[in-house]
Amino acid sequence: MPASTKGRIGVLLVNLGTPDSPQTSDVRRYLNEFLTDARVIDMPAAVRYPLFQGLIVPLRAPKSAKIYQQLWTERGSPLLYHGLDLQKLVQEQLGSDYLVAFGMRYQNPSIEKALNELRAAAVERIIVLPLFPQYAAASTGSVQEKVMEIVSKWWVVPSISFISTFTNDPGFIATIVELGKVEMAKHTYDHVVFSYHGIPERHVLKGSHNGYCKLGNCCNSYNKNNRYCYRAQCFETSRLVAAGLGLSPDQYTVAFQSRLQSRLRDPWLQPYTDEILKPMPAKGIKNVLAFSPAFVADCLETTIEVGEEFKELFEEAGGAHWQLVPSLNSHPTWVKAVVDMIHRN
Numbered sequence: 006m007p008a009s010t011k012g013r014i015g016v017l018l019v020n021l022g023t024p025d026s027p028q029t030s031d032v033r034r035y036l037n038e039f040l041t042d043a044r045v046i047d048m049p050a051a052v053r054y055p056l057f058q059g060l061i062v063p064l065r066a067p068k069s070a071k072i073y074q075q076l077w078t079e080r081g082s083p084l085l086y087h088g089l090d091l092q093k094l095v096q097e098q099l100g101s102d103y104l105v106a107f108g109m110r111y112q113n114p115s116i117e118k119a120l121n122e123l124r125a126a127a128v129e130r131i132i133v134l135p136l137f138p139q140y141a142a143a144s145t146g147s148v149q150e151k152v153m154e155i156v157s158k159w160w161v162v163p164s165i166s167f168i169s170t171f172t173n174d175p176g177f178i179a180t181i182v183e184l185g186k187v188e189m190a191k192h193t194y195d196h197v198v199f200s201y202h203g204i205p206e207r208h209v210l211k212g213s214h215n216g217y218c219k220l221g222n223c224c225n226s227y228n229k230n231n232r233y234c235y236r237a238q239c240f241e242t243s244r245l246v247a248a249g250l251g252l253s254p255d256q257y258t259v260a261f262q263s264r265l266q267s268r269l270r271d272p273w274l275q276p277y278t279d280e281i282l283k284p285m286p287a288k289g290i291k292n293v294l295a296f297s298p299a300f301v302a303d304c305l306e307t308t309i310e311v312g313e314e315f316k317e318l319f320e321e322a323g324g325a326h327w328q329l330v331p332s333l334n335s336h337p338t339w340v341k342a343v344v345d346m347i348h349r350n
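If you read the sequence shown in the working numbering, its first letter stands for residue 6, the second for the next number, and so on.
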């Protein structure tokens with residue numbers, strides 16, 4: 006009988022990236038690559054490179070290095086080791102018919118290294134899962150562009166498919182709800198805040214389908230016209246998690262963090278998390294449960310920004326208790342969700 010031509014299916018899991026160490030030189034290298042990506046900072050290259058490599062990154066790197074030093078553990082960067090843990094567990098559940106690789110859009114392990122692992126194994130086809138629940142051109146879109154740039158240089162290019170968004174994936178939502186219920190069983194909360202990574206408003210408007218997006222009530226439903234609108238996806242994820250937790254619309258707020266507006270003088274998605282939390286204690290909201298549903302792994306933006314900096318701001322304003330719900334990391338329900346997404350694709 007003729008030998009089978011069927012090979013393993015390759016799976017590429019990708020997250021954003023992390024410095025190789027919390028030292029300033031490595032942080033600078035990471036920020037240089039990240040902040041000169043044309044999909045992250047959509048300025049002409051003649052402006053982007055001098056502004057960020059010559060001014061913003063040198064100023065920001067030492068400050069960011071100090072924050073990364075707070076975040077670093079014995080295993081290194083949480084974003085990296087949680088990604089490697091996820092890779093291992095997904096591989097175990099998928100079995101020998103699949104080969105799972107893990108890469109970072111910026112720095113190491115690189116997307117190119119991960120793709121070369123799949124190429125060397127002669128996989129039949131590749132499924133790419135950027136680990137960003139809500140599609141944005143600056144995150145998922147950047148990963149897709151990088152993958153296509155790399156494989157365009159291969160002489161033989163296997164079939165490649167992308168999982169572009171899992172905003173409302175049942176397993177993704179179920180994991181967040183499960184983690185939230187654990188925290189809600191420990192304490193009584195007056196309000197819930199869903200804090201998403203911000204992007205410039207222009208990024209949303211540039212991707213609007215036939216001018217559908219108005220940065221307003223258009224996000225009250227999730228449909229074919231806004232299925233790739235980052236803002237609409239954030240509201241959809243929040244609605245589904247809130248429903249799973251039994252919350253009414255007045256019991257939660259959707260907000261956005263991590264803006265660069267102070268330097269770029271450009272409006273980002275609003276409301277801003279650091280601004281909405283300050284007046285809450287005066288309104289009688291003393292206990293807040295915070296989620297970061299744009300991140301599937303603990304990182305600087307969750308552990309430090311939401312978990313520590315926002316907690317400090319809230320308490321300074323008179324709040325009593327601010328609690329961050331952990332990210333999905335390698336939670337068993339999340340691992341199963343990833344496996345199910347791959348099987349469906």
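Every residue, glycine too, gets a C-beta built ideally from N, C-alpha and C.
query: Do Leu40 and Val62 have their C-beta atoms closer together than 8 Å?
result: Taking the sequence shown and counting its residues from 1, one reaches residue 40 at position 35. Taking the sequence shown and counting its residues from 1, one reaches residue 62 at position 57. Going by C-beta atoms, Leu40 is nearer than 8 Å to Val62.
- request: Measure how close the beta-carbons of Leu305 and Leu76 come, nearest whole angstrom, since I'm counting them as under 8 Å.
  value: The count along the sequence shown starts at 1 and reaches residue 305 at position 300. The count along the sequence shown starts at 1 and reaches residue 76 at position 71. Leu305 to Leu76, Cβ: 5 Å. Contact.
- prompt: Alpha carbon to alpha carbon, what distance is there between Cys223 and Gln256?
  reply: Residue numbering aside, residue 256 sits at position 251 when the sequence shown is read from its first letter. Residue numbering aside, residue 223 sits at position 218 when the sequence shown is read from its first letter. If you take the alpha carbons of Gln256 and Cys223, they lie about 21 Å apart.
- prompt: Do the CB positions of Ile281 and Thr308 come within less than 8 Å of each other?
  reply: Start at 1 with the first residue of the sequence shown, and residue 281 comes out as number 276. Start at 1 with the first residue of the sequence shown, and residue 308 comes out as number 303. Result no, Cβ atoms of Ile281 and Thr308 do not sit closer than 8 Å.
- prompt: Starting from Ile116 and walking both ways along the alpha helix (DSSP H), at which residues does that stretch end?
  reply: Working through the sequence shown from its first residue, we reach residue 116 at position 111. Unbroken alpha helix (DSSP H) run through Ile116: 116 to 125.
message: Quick check: Asn350 and Ser166, are their CB atoms within less than 8 Å of each other?
response: Sequence index remark: in the sequence shown, residue 350 carries index 345 (1-based). Sequence index remark: in the sequence shown, residue 166 carries index 161 (1-based). Closer than 8 Å, so yes.
- request: Say whether the segment 191 to 211 touches the segment 146 to 165, bearing in mind that this needs 3 or more beta-carbon pairs closer than 8 Å, one atom from each stretch.
  value: no
query: With DSSP run on the structure shown, which of helix, strand or coil describes Ala299?
result: Sequence index remark: in the sequence shown, residue 299 carries index 294 (1-based). If DSSP states are grouped into helix, strand and coil, Ala299 belongs with coil.
- request: Taking only the alpha-carbon atoms, compute the straight-line gap between Gln96 and Asp90 and give it to the nearest angstrom.
  value: Translated into positions along the sequence shown, residue 96 becomes position 91. Translated into positions along the sequence shown, residue 90 becomes position 85. Those two C-alpha atoms are separated by around 10 Å.
- prompt: Cβ of Tyr140 within 8 Å of Cβ of Tyr235?
  reply: As a working note, residue 140 is residue 135 in the sequence shown. As a working note, residue 235 is residue 230 in the sequence shown. Against a cut-off of 8 Å, the Cβ pair of Tyr235 and Tyr140 comes out as a contact.
message: Taking contact to mean 3 or more Cβ pairs, one atom from each stretch, closer than 8 Å, check whether the segment 71 to 88 and the segment 160 to 176 are in contact.
response: no
- request: Taking Leu123 as the reference, give the member of Ile14, Ala248, Glu313, Asp271 with the closest Cα.
  value: Residue mapping note: residue 123 aligns to position 118 of the sequence shown, counting from 1. Among Ile14, Ala248, Glu313, Asp271, the Cα nearest to that of Leu123 is on Ile14.
field: C-alpha distance - Lys283 paired with Gly185, whole-angstrom precision
entry: As a working mapping, residue 283 is identified with position 278 in the sequence shown. As a working mapping, residue 185 is identified with position 180 in the sequence shown. Rounded to whole angstroms, Lys283 to Gly185 spans 23 Å at the Cα level.
message: Spatial neighbours of Thr23 within its chain, please: C-beta separation below 6 Å, excluding the five flanking residues on both sides.
response: Against the sequence shown, residue 23 aligns to sequence position 18. Counting only Cβ-Cβ distances below 6 Å, and skipping sequence neighbours, we find Ser82, Leu84, Leu85.
task: Please report how far the alpha carbon of Glu314 lies from the alpha carbon of Glu321, in whole angstroms.
output: Here residue 314 refers to the residue found at position 309 when the sequence shown is read from its first residue. Here residue 321 refers to the residue found at position 316 when the sequence shown is read from its first residue. Cα to Cα, Glu314 sits roughly 11 Å from Glu321.
query: Which class does Tyr235 belong to by DSSP, given the choice of helix, strand or coil?
result: Here residue 235 refers to the residue found at position 230 of the sequence shown. Helix.
- prompt: Going along the chain, which unbroken runs of the alpha helix (DSSP H) with 4 or more residues stay wholly within the segment 10 to 74?
  reply: 29 to 40, 50 to 56
- request: Note down the Cα distance separating Ala142 from Pro254, rounded to an integer number of angstroms.
  value: On the sequence shown, position 137 is the one that residue 142 refers to. On the sequence shown, position 249 is the one that residue 254 refers to. Taking the straight line joining both Cα atoms gives about 29 Å.
query: Where Asn231 and Leu294 are concerned, what is the direct C-alpha to C-alpha distance, given to the nearest angstrom?
result: For the purposes of this step, residue 231 is identified with residue 226 of the sequence shown, where counting begins at 1. For the purposes of this step, residue 294 is identified with residue 289 of the sequence shown, where counting begins at 1. If I take the Cα positions, the gap works out to 28 Å.
message: Can you tell me whether Asp271 is buried or exposed? The criterion is at least 16 other CB atoms within 10 Å of its CB, across all chains shown.
response: Within the sequence shown, residue 271 is the residue found at index 266, counting from 1. When all chains shown are included, Asp271 counts as exposed.
query: Which whole-angstrom value describes the C-beta separation of Leu21 and Tyr111, a residue pair presumed to lie in contact below a C-beta threshold of 8 Å?
result: Along the sequence shown, one-based indexing puts residue 21 at 16. Along the sequence shown, one-based indexing puts residue 111 at 106. Indeed they touch by this definition, with Cβ atoms about 7 Å apart.
- request: Going by CA-CA distance only, name the one from Glu317, Val246, Leu36, Gly88 that's closest to His70.
  value: Counting from 1 along the sequence shown, the entry for residue 70 is found at position 65. Looking at the sequence provided, one finds Ala at residue 70 rather than His. Checking every option, the nearest Cα to that of Ala70 belongs to Leu36.
message: Do Gly108 and Ile377 count as a contact pair if the criterion is CB distance below 8 Å?
response: Absent from the structure is residue 377, since the part of the chain shown begins at 6 and ends at 350.
message: Here's the rule I'm using: 16 or more other beta-carbon atoms within 10 Å means buried, otherwise exposed. How should Trp339 be labelled?
response: Taking the first residue of the sequence shown as position 1, residue 339 is located at position 334. With 16 or more other Cβ atoms within 10 Å, it is buried.
task: Output the distance between the C-alpha atoms of Gly312 and Gly12, rounded to the nearest integer angstrom.
output: Stepping through the sequence shown from its first residue, residue 312 is reached at position 307. Stepping through the sequence shown from its first residue, residue 12 is reached at position 7. Cα-Cα distance, rounded: 44 Å.
query: Counting only runs that start and end within the segment 303 to 340, where is the alpha helix (DSSP H) found for 4 or more residues in a row?
result: 315 to 321
message: Out of Arg34, Ile168, His87, which one is the CA nearest neighbour of Pro67?
response: Translated into the one-based positions of the sequence shown, residue 67 becomes position 62. Residue Arg34 is the option with its Cα nearest to Pro67.
- request: Check Ile131 in the structure and name its three-state DSSP category.
  value: The residue given as residue 131 occupies position 126 in the sequence shown. Residue state, collapsed to three classes: strand.
message: So, for Pro286: in the same chain, excluding its five sequence neighbours on each side, which residues have a beta-carbon less than 6 Å away from its beta-carbon?
response: In the sequence shown, the residue the question calls residue 286 occupies position 281. Cβ within range, chain order: Ala322, Gly323, Gly324.
task: Measure the Cβ-Cβ separation of Pro360 and Tyr201 and say whether it is below 8 Å.
output: Outside the modelled stretch of the chain, which goes from 6 to 350, sits residue 360, for which no answer is possible.
query: If you draw a straight line from the C-alpha of Met346 to the C-alpha of Pro135, how long is it?
result: Position 341 of the sequence shown holds residue 346. Position 130 of the sequence shown holds residue 135. Each residue's Cα considered, the two are about 12 Å apart.
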